[in-house]
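Protein chains: 2
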Amino acid sequence: MKPHPNTAFNADMQNLEILILKMGGRVAAAIERATQAFVSRDAELAQRVVLEDQHVDALESDINSAVVRMLALRQPAASDLYEVVSVMKVAGDLERLGDYAKNLARRVPVLVQSDRIEGATAAIRRLSMLVQSMLRDVLDAYTNTDLALAQTVLDRDVEVDQMTNTLFRDFLTHMMEDPRNITVCMHLLFIAKNFERMGDHVTEIGEQVIFVETGEQPVPRAKGESTSQITGPLGVDGTG
Amino acid sequence: MKPHPNTAFNADMQNLEILILKMGGRVAAAIERATQAFVSRDAELAQRVVLEDQHVDALESDINSAVVRMLALRQPAASDLYEVVSVMKVAGDLERLGDYAKNLARRVPVLVQSDRIEGATAAIRRLSMLVQSMLRDVLDAYTNTDLALAQTVLDRDVEVDQMTNTLFRDFLTHMMEDPRNITVCMHLLFIAKNFERMGDHVTEIGEQVIFVETGEQPVPRAKGESTSQITGPLGVDGTG
Numbered sequence: 377m378k379p380h381p382n383t384a385f386n387a388d389m390q391n392l393e394i395l396i397l398k399m400g401g402r403v404a405a406a407i408e409r410a411t412q413a414f415v416s417r418d419a420e421l422a423q424r425v426v427l428e429d430q431h432v433d434a435l436e437s438d439i440n441s442a443v444v445r446m447l448a449l450r451q452p453a454a455s456d457l458y459e460v461v462s463v464m465k466v467a468g469d470l471e472r473l474g475d476y477a478k479n480l481a482r483r484v485p486v487l488v489q490s491d492r493i494e495g496a497t498a499a500i501r502r503l504s505m506l507v508q509s510m511l512r513d514v515l516d517a518y519t520n521t522d523l524a525l526a527q528t529v530l531d532r533d534v535e536v537d538q539m540t541n542t543l544f545r546d547f548l549t550h551m552m553e554d555p556r557n558i559t560v561c562m563h564l565l566f567i568a569k570n571f572e573r574m575g576d577h578v579t580e581i582g583e584q585v586i587f588v589e590t591g592e593q594p595v596p597r598a599k600g601e602s603t604s605q606i607t608g609p610l611g612v613d614g615t616g
Numbered sequence: 377m378k379p380h381p382n383t384a385f386n387a388d389m390q391n392l393e394i395l396i397l398k399m400g401g402r403v404a405a406a407i408e409r410a411t412q413a414f415v416s417r418d419a420e421l422a423q424r425v426v427l428e429d430q431h432v433d434a435l436e437s438d439i440n441s442a443v444v445r446m447l448a449l450r451q452p453a454a455s456d457l458y459e460v461v462s463v464m465k466v467a468g469d470l471e472r473l474g475d476y477a478k479n480l481a482r483r484v485p486v487l488v489q490s491d492r493i494e495g496a497t498a499a500i501r502r503l504s505m506l507v508q509s510m511l512r513d514v515l516d517a518y519t520n521t522d523l524a525l526a527q528t529v530l531d532r533d534v535e536v537d538q539m540t541n542t543l544f545r546d547f548l549t550h551m552m553e554d555p556r557n558i559t560v561c562m563h564l565l566f567i568a569k570n571f572e573r574m575g576d577h578v579t580e581i582g583e584q585v586i587f588v589e590t591g592e593q594p595v596p597r598a599k600g601e602s603t604s605q606i607t608g609p610l611g612v613d614g615t616g
């Protein structure tokens, strides 16, 4: 018996979802391991995270090929198309998240050779934990089409931005207090900025979950991030 | 007379290409104007660049909708599908380029209030000119399916990375020489890093041009960028 076209479509969508979850799991592990390598100053673990990013890239490539094959085979109608196209967008966000984890890992061997900045490791770790919890929740929201959970992820991105702003002020202060801190603090600034960007990509996934289900494009968010507005070591403007 | 399906597909593709070129033109203008605002310390022009980014975002949204409509209507075969899907990828890269121009513009009002760092403005301007010329060429390569031109864009990205590395060393040196330079140099570091990322996105567009025509995924590039490996004010490792 020839399966009903919709059933075939649903089976394909389920396969795509499994691939997304597999990719999401790998990316979550990469962020966790990169953070662990950073916290425990483990250059060897960091190197493994860098190398393993290729598996994430390969999964994105698999997903894109599967999407194209599916479009050609099933020729889904418009509403289903949005769902399929959204899979590609989510895969793109996950790929970028993997890149940021790799970028963090790439800085570890350099940081291992530098003095520790008081409080920085713990603060970056907290930021990472927040982003990781958002990623976990957004993947759950994606699997279960849980719009309320997706919305909480969007809301929590403001916290990420606020934590990043605070870290920026701290690192700039450390730089000014002692020029020997400048290089290491520069790396820490970029690490914080990377987590802030990770928060944005996790948020974009949450927006896709909401968009596919409701057809509503998310309203532009009030960005909590204002590191581009920092005017002095302790001067962050009020727009954040 | 009902048009041949292929003709309809080609007409749609042409429309999509026009939208991409329109979007590319707007993004190129945004980068040029943000750079001009940065060079001439023009906070008002910078503000206009920030506001106008919404038009770029709207164009991406139009392109994605047009792609979905087209997929539903024309149900193209696999080889054509790659071409259509690639339009979405290019639009995504252009949207990100627009974001980086906006980010540069957002830093201008802060930089206007700071002392100038000797040579920095001219160096950033050169970096911007290089990225802009790459963007112009990649859009030409896209329109004319000019693989050789696309390849020159890929090659020039190494220059962007090298210029970024040099700027990083310079800015770190300035920070160490005088802590009063730290905040402004931090903004300059992020500006340089943004141009380096712009180069990556322009390169991704060039890779799409080659991929759609030849079916060949680009080989992973030897990255010239090595700012994550900076260990001291003048110590950039040799991997770049």
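Protein sequences appear in the order of chains A and B. According to the numbering used here, the stretch in the first sequence is residues 377 to 616, in order. According to the numbering used here, the stretch in the second sequence is residues 377 to 616, in order. Here a beta-carbon is modelled for each residue, glycine too, at the ideal position from N, C-alpha and C.
Three-state secondary structure (DSSP) of A/G495 = Coil at A/G495, not helix or strand.
query = Skipping 5 residues on each side, what residues in its chain have a beta carbon closer than 7 Å to that of B/E471?
reply = Contacts found: V432, D433, E436.
request  = Express the C-alpha separation of B/G591 and B/R426 in angstroms, rounding to a whole number.
outcome  = Position check: residue 426 of chain B holds Val in this sequence, whereas Arg was assumed. Rounded to the nearest whole angstrom, the CA to CA distance from B/V426 to B/G591 is 37 Å.
Short CB-CB distance (under 9 Å) between A/M552 and chain D = Considering every chain present, this structure includes no chain D. Its protein chains are A and B.
task = Determine the closest residue to B/V514 out of B/D429, B/G400, B/L449, B/L392, with distance taken between C-alpha atoms.
result = That would be B/G400, whose Cα lies nearest to the Cα of B/V514.
request  = Assuming B/G474 contacts B/A406 (C-beta within less than 8 Å), just tell me the rounded distance between them.
outcome  = Right, their Cβ atoms sit about 6 Å apart.
message = Which of the three DSSP states is assigned to B/T607 in this structure?
response = B/T607: coil per DSSP, three-state reduction.
query = Do you know how far the Cα of B/L480 is from the Cα of A/G614?
reply = Residue placement at A/G614 is flagged as unreliable, the pLDDT there being 30, under the threshold of 50; the coordinate-derived value follows with that caveat. Cα to Cα, A/G614 sits roughly 19 Å from B/L480.
ask   = For A/I493 and chain B, any beta-carbon pair shorter than 9 Å?
value = No, because no Cβ of chain B sits closer than 9 Å to the Cβ of A/I493.
query = Straight-line CA distance for B/D429 to B/K478?
reply = Using only the alpha carbons, I get a separation of about 7 Å.
ask   = Out of curiosity, what's the CA-to-CA distance linking B/L525 and B/V534?
value = Going from the Cα of B/L525 to the Cα of B/V534 covers about 15 Å.
ask   = Hey, is the segment 486-496 of chain B in contact with the segment 578-587 of chain B, meaning 3+ C-beta pairs nearer than 8 Å?
value = Verdict: no, contact absent.
message = Tell me which residues share the same chain as B/M680 and place their Cβ nearer than 6 Å to its Cβ, disregarding the 5 neighbours each side in the sequence.
response = One cannot answer for residue 680 of chain B here, as it falls past the ends of chain B, which runs 377 to 616.
Span of the alpha helix (DSSP H) around B/S455 = Run containing B/S455: 454-488, per the alpha helix (DSSP H) assignment.
key: Where B/S602 falls: helix, strand or coil (DSSP)   = If DSSP states are grouped into helix, strand and coil, B/S602 belongs with coil.
query = Along chain A, which residues have their Cβ under 7 Å away from the Cβ of B/M562?
reply = Going along chain A in sequence order, the residues near B/M562 (Cβ under 7 Å) are L548, L565.
Residue of B/F566, B/S604, B/V588, B/R573 minimising C-alpha distance to A/Q605 = When only C-alpha atoms are compared, the closest one is B/F566.
task = Determine, using beta carbons only, whether B/A454 comes closer than 9 Å to chain A.
result = True, the Cβ-Cβ gap to chain A drops below 9 Å.
task = Check the Cβ-Cβ distances between A/I439 and every residue of chain B, and say whether any is below 9 Å.
result = At a cut-off of 9 Å, the C-beta of A/I439 has no neighbouring C-beta in chain B.
inquiry  = Which same chain residues end up closer than 7 Å to B/N386 when comparing Cβ atoms and leaving out the 5 residues on each side of it in sequence?
reply    = Excluding sequence positions up to five before and after B/N386, its CB lies less than 7 Å from no other CB in the same chain.
request  = Whole angstroms is fine: what's the gap from B/V536's alpha carbon to B/D576's?
outcome  = Cα to Cα, B/V536 sits roughly 9 Å from B/D576.
task = Starting from A/G591, follow the alpha helix (DSSP H) in both directions and report where the run begins and ends.
result = Neither: A/G591 is in no alpha helix (DSSP H) and is coded neither H nor E.
ask   = Is DSSP giving A/Q430 helix, strand or coil here?
value = Helix.
request  = Could you tell me the boundaries of the alpha helix (DSSP H) in which A/D418 lies?
outcome  = Per DSSP, A/D418 belongs to no alpha helix (DSSP H) and is neither H nor E.
Residue-level contact to chain B via CB, A/Y476, 9 Å cutoff = Interface annotation, A/Y476: not in contact with chain B, CB-CB separation never under 9 Å.
request  = Following the continuous alpha helix (DSSP H) through A/N541, name the residue where it begins and the one where it ends.
outcome  = Taken as a continuous stretch (DSSP letters only), the alpha helix (DSSP H) holding A/N541 covers 523-553.
request  = Pull up the distance between the alpha-carbon of B/R512 and that of B/R483, whole angstroms please.
outcome  = If you draw a straight line from the Cα of B/R512 to the Cα of B/R483, it comes to about 25 Å.
inquiry  = Three or more C-beta pairs under 8 Å: does that hold for the segment 389-400 of chain B against the segment 411-423 of chain B?
reply    = Under the 8 Å Cβ criterion, the segment 389-400 of chain B does not count as touching the segment 411-423 of chain B, having fewer than three qualifying pairs.
query = Got a sec? Which residues, its chain only, sit under 7 Å from B/L447 by beta carbon, not counting five neighbours each side?
reply = Contacts found: V460.
task = Could you tell me whether the Cβ of B/T559 comes closer than 9 Å to any Cβ of chain A?
result = Chain A has a Cβ within less than 9 Å of the Cβ of B/T559.
key: Proximity to B/V486 [Cα-Cα], best of B/T383, B/L523, B/Q527, B/A419   = Nearest of B/T383, B/L523, B/Q527, B/A419 to B/V486, Cα basis: B/A419.
key: Cβ pair A/I500, A/L543 closer than 9 Å   = In contact: A/I500 and A/L543 (Cβ atoms closer than 9 Å).
request  = Enumerate in chain order the residues of its own chain whose CB-to-CB distance from B/V612 is below 7 Å, with the five nearest sequence positions on each side excluded.
outcome  = Residue placement at B/V612 is flagged as unreliable, the pLDDT there being 35, under the threshold of 50; a coordinate-derived value is accordingly withheld.
query = Cα-Cα, which of A/R417, A/E408, A/M552, A/A568 is closest to A/M539?
reply = Checked all of A/R417, A/E408, A/M552, A/A568; the closest Cα to A/M539 is A/A568.
ask   = At a Cβ threshold of 9 Å, is B/M464 touching chain A?
value = Using a CB distance cut-off of 9 Å, B/M464 counts as an interface residue toward chain A.
request  = Using a threshold of 9 Å, state whether the C-beta atoms of B/F571 and B/V507 are closer than that.
outcome  = Yes, the Cβ-Cβ distance between B/F571 and B/V507 is below 9 Å.
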